[in-house]
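This report refers to the structure that appears directly beneath it.
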Amino acid sequence: MDAPRVSISSVLPQYVPVPVFLSTSFAYICFFVNDVSAKIPGGAYVISYIKKSHRDDPYRTAIELGLLIYALVYYFSKPQHKKGLQASKPNLSAQEVEAMIEEWEPEPMVDDSLTEFQNWRLDKIPVMKDSGVETRVTFTRSNGKETFENVLNMSTNNFLQLSKTERVVNTAKTTIKNYGVGACGPAGFYGNQDVHYHLEYELAKFFGTDSAVLYGQDFCVAASVIPAFTKRGDILVADNDVSLAVQNALQLSRSTVYYYEHNNMESLENLLAELTEAEKKDKPPAIPRKFIVTEAIFTNTGDIAPLPELTKLKRKYKFRLFVDETLSLGVLGASGRGLPEHFNMDRARSIDITVGSLANALGSSGGFVLGDHVMSQHQHIGSNAYCFSASLPAYTTTTATETLKMLAEDNSAVQKVHGLSRQLFDFFNNDKDLMAYVQVKSSVHSPILHLELLDDFRMDKFGYNKDQLFQIVSSLQKKCITNKYIEPYENEEKFLQEIVDFVLEKYNILITRNTIVLKSESVPIVPSLKISCTANMSSSEVEQACHAVKEALLNYCN
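Numbering (full-length UniProt numbering), first residue to last: 1 to 558.
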């Protein structure tokens, strides 16, 4: 016969005995807390909540009380340090402080040893008198030791030369009288005025997009826009010849960056296919944002991105397209509407984000971004430069608006630049005497012509090539070395400057070297000569300049 079963609950105590002094003390504490809390505004609601919580779940009350006691014990058991700047201040005597001050030797802000080698760069920078945007300019060099007057300026990016017309100048004067000369704050606070929003509307209307966003400085636009739309884990596929401004943007994005060969669509497609296949295999937890990043007219070469092929690839592989049109807006296309007009394409359907400049063809200041409404609204809260940098002065926006109106009414300045660009390109591209020394890197449609020494000639004369220079710079960047003097590169820069000086001193024509900040470059690059044409130049002036540059090249290369 089975033994009778005994319930566990029958042998356990029905309650836990609590000492009388504890229960009495706890009752007094609860009464005191309840009395004090009732006198505090809103305290009655807190007491009511605690009572209901305890009635519904007493174990929760015990746990919360235990956590509160633990937090108080933990806080009061730690030594209380001084807050703020005094927290990390060492306890030094006055004598020790004086001794440390005596021993301290500050490092120079400028490396004197490097400056000695590169003083020639500073001496060759032209300092313009007046505005410097005219076709003929006067400037000084070497701290005023050299003066050049009535020089044909073939180094400017003010291609259309509309900023000095009477119509634009009068607009600037009127705006300064009404608005003053400064915006006095970021766009999102009180920097933007009615003229800023009007220019954004006119930019979107002229270039065929839903919306536009203004920025105070064109160089910082890409570096603020790309990080606003990307994060760690996103994918950026960029041309390996993009400008320094775009390189900075890629680095600040914290995304994974891949490079394809310059304007090589086969290289781009192979890379996109490889990345798409890898994404299918890895199956990331979140779908990454993916952008193709390129320029319309490349800053360092002057050639043009193939937009039709880029658009096909971005649609095929589900990427977005980011195009920096800093140099192309106002120049490419029949009416200066940029890369899409040049290829007879619709901007809104071909390019997702466009970066532009008001400081080049439009002859004003600042930059802007073109895109849809969602893209624009996101920048208002997510773009650092928009949120924290000062807006443009009002007069720069009204002059840019007036320039857009002039372009819409009359495209003769754009057509003039097209003709001079072709003349400049044809001369150097077809000259057989120069083919042994230099190559034209630019497009026939670009108002900026880049002349680069041939690889074999560079190797024979200076003993290095582009890949070797890139390896040296990359190695120095990894070691955080920024003051290394790279002699072959510096010798080529001096060689090209001698050509610039020859043309200036003999023919009173100003051309320039391509400006390179080598220590900051993250893509392969070599020096080049840069020649530009503007709408106010005559065909004979361009012809004379071409022959002058040819003479200088043959004189120094032979």
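By construction, the Cβ of each residue, glycine as well, lies at the ideal position given by its N, Cα and C atoms.
Check, Outcome
"Beta-carbon gap between Ser155 and Leu510 smaller than 8 Å", "yes"
"Member of Ile304, Lys318, Arg349 whose CA lies at the smallest distance from the CA of Gly333", "Ile304"
"Enclosing alpha helix (DSSP H) for Val246 [first to last residue]", "244-252"
"Three-state secondary structure assigned by DSSP to Lys432", "coil"
"Buried versus exposed, by CB contacts within 10 Å (16 or more), Asp123", "exposed"
"Within 8 Å, strictly: CB atoms of Leu407 and Gly336", "yes"
"Simplified DSSP assignment, three categories, for Arg141", "strand"
"Segment contact flag, the segment 419-426 with the segment 382-401, C-beta cutoff 8 Å, min 3 pairs", "no"
"Counted within 10 angstroms of its Cβ, other Cβ atoms place Leu329 as buried (16 or more) or exposed", "buried"
"Per-residue DSSP class, three states only, for Glu96", "helix"
"Start-to-end residues for the beta strand (DSSP E) that takes in Asp239", "235-239"
"Selected residue, minimal CA-CA separation from Arg315, among Arg349, Pro284, Leu554, Ile516", "Arg349"
"Nearest-angstrom beta carbon gap, Leu160 and Val417 [assumed within contact, 8 Å]", "7 Å"
"Distance between Tyr317 and residue 568 (C-alpha atoms, nearest Å)", "There is simply no residue 568 to check, as the chain begins at 1 and stops at 558 in what is shown."
"Spatial distance of Leu339 from Glu146 (CA atoms)", "41 Å"
"Alpha carbon of Tyr507 to alpha carbon of Glu498, nearest angstrom", "14 Å"
"Integer Cβ distance of His373 from Asp210, believed to fall under 8 Å", "5 Å"
"Residues near Gly188 in its chain [Cβ-Cβ closer than 6 Å; skip 5 each side]", "Cys387"
"Helix, strand or coil at Lys39 [DSSP, three-state]", "helix"
"Short Cβ contact (8 Å threshold) for Ile292 with Val242", "no"
"Reference Ala204; option with closest CA among Leu370, Lys281, Phe298", "Leu370"
"The segment 157-174 in contact with the segment 360-367 per 3-pair CB rule at 8 Å", "yes"
"Distance CB(Val137)-CB(Val151) smaller than 8 Å", "yes"
"Inter-residue spacing [alpha-carbon to alpha-carbon] between Lys83 and Gly382", "Reliability of the predicted coordinates at Lys83 is poor, the pLDDT of 45 falling under 50, and no value is obtained from them."
"Cβ neighbour criterion (16 or more within 10 Å) applied to Val169", "exposed"
"Cβ-Cβ separation, Ile448 to Gly302 (assumed contact under 8 Å), whole Å", "5 Å"
"Where Val127 sits in the DSSP three-state scheme", "strand"
"Minimum C-alpha distance to Val246 - residue among Met265, Leu271, Gly66, Gly356", "Gly356"
"Cβ pair Thr396, Gly366 closer than 8 Å", "yes"
"Environment of Ser25 [buried if 16+ CB atoms lie within 10 Å]", "exposed"
"Within 8 Å, strictly: CB atoms of residue 581 and Gly216", "Here the chain has residues from 1 to 558 only, and residue 581 is not among them."
"DSSP-derived helix/strand/coil call for Arg320", "strand"
"CA-to-CA distance, Ala535 to Asp239, given in whole angstroms", "30 Å"
"Nearest-angstrom beta carbon gap, Ile226 and Leu275 [assumed within contact, 8 Å]", "18 Å between Cβ atoms; not a contact."
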